[in-house]
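Before any comments, here is the structure.
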Amino acid sequence: MIKYFYVALPFLLSSCDGSGSDKNKELKKKLIENQLSQMVDMKSGTFQMGDFGRLIGEKLPLTGENDDEPLHDVTLSDFSIGKYKVTYKDYDIYTEVTGKDKLELPKALESNPKLRAPDMPVSVTWDQANEFCLWLGRSAGKNISLPTEAQWEYSARSGGAFIIYATGSGGFEYGKDIPSSKQRSQMTDEPLFNIPVGKFPPVKSGLYDMAGNGVDWVKDWYNEKYYRQSPKNNPQGPENGTEKVVRGYQSGGGVMTNQSVYRQHAKPYPGEEGRGFPPKYNFRCVVNK
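Each residue of the sequence shown is one higher than the last, beginning at 1 in UniProt numbering.
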């Protein structure tokens, strides 16, 4: 069963992070209440993680990649995961109450302010995403982090079901399940970038934008061969690495790259890739129980 997770937060007025003014205390309180009220509860369970194509339909691999094999059993404890990606509105409040620098669009994209609208998914480095979730956990007195790769896939597949596309219908139809180029252009003026959160139906578990609207950072380091050695219970990914796993797919992705089992990876600081910092690296947090 999936249910929404609500909690009272009478203790959120601490000011150890610079949020000492009355205004900042109230902003902080509302931000944390909002984040926790949007958590979707995922019950513990065991599922088969990885490319399950050989078990369904024509019995063929889904992706043709090597890093999402072998299919292996994973057992997860209870957790809750953000219904939406964290938005610029959320992150702007966070930077204000913590005294961090406000995020700006890269200079190459300053001509399109729609990409930084309050309801757009915030684009950040892995460290920035990780720090937000840890701060949220400290402030709320809960064990909050980025989702592990296993938690992300389990949620996208609505409890580990054999769902190929993490969309409202489980299919991949432009204009219905994910935005068409025309819809993207109308929302952002940029057909290859993110759109505002929650514009298309959620997956069965209640989560939005798990496909076709940018990628989500997860906790794990990336290793192409990790599935061959992954532990069964609550896997946390390799101990070290040079790139982090990202899940979902950037705007404009196709029928293969938007599949729920498709793995990607990126440097924790994407700007170092030499292509600038595109607005596609997003995140959501989990409450570990």
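Note that CB positions come from ideal geometry on N, CA and C, so glycine has one too. Bear in mind the structure is a predicted one, so any value in this text is a computation, not a measurement.
| Check | Outcome |
| --- | --- |
| Taking arginine 116 as the reference, which of Phe193, Lys204, Lys30 and Val261 has the closest Cα? | Phe193 |
| Which partner residues of aspartate 246 appear in the DSSP bridge assignment? | At residue 246 the sequence reads valine, which differs from the aspartate that was named. According to DSSP, valine 246 bridges with Trp217 and Gln264. |
| Alpha carbon to alpha carbon, how far is tryptophan 217 from valine 287? Give it in angstroms, no decimals. | 16 Å |
| In three-state terms, what does DSSP make of methionine 187? | helix |
| So for glutamine 48, helix, strand or coil by DSSP? | strand |
| Mapping the DSSP letters down to three states, classify phenylalanine 193 as helix, strand or coil. | coil |
| DSSP three-state call for valine 97: helix, strand or coil? | helix |
| With distances taken between CB atoms, is the gap from proline 201 to glycine 168 smaller than 7 Å? | yes |
| With distance defined between alpha-carbon atoms, name the residue in Asn258, Trp135 and Lys204 nearest to glutamine 35. | Trp135 |
| Is the segment 228-243 in contact with the segment 58-65, if contact means three or more CB pairs nearer than 8 Å? | no |
| Classify asparagine 223 as buried or exposed, calling it buried when 16 or more other Cβ atoms lie within 10 Å of its own Cβ. | buried |
| In or out: phenylalanine 283 buried (at least 16 other Cβ within 10 Å) or exposed? | buried |
| Taking all protein chains shown into account, do 16 or more other C-beta atoms lie within 10 angstroms of the C-beta of proline 235, making it buried, or fewer, making it exposed? | buried |
| Assuming contact is defined by CB atoms lying nearer than 7 Å, are lysine 233 and threonine 46 in contact in what I supplied? | In the sequence as presented, lysine is not what sits at residue 233; that position holds asparagine. Result no, Cβ atoms of asparagine 233 and threonine 46 do not sit closer than 7 Å. |
| What three-state label does DSSP hand aspartate 73 in the structure shown? | strand |
| Do you know whose CA, among Gly57, Lys289 and Thr87, lies nearest proline 118's CA? | Thr87 |
| Give the straight-line distance between the Cα atoms of valine 124 and tyrosine 281, rounded to the nearest whole angstrom. | 6 Å |
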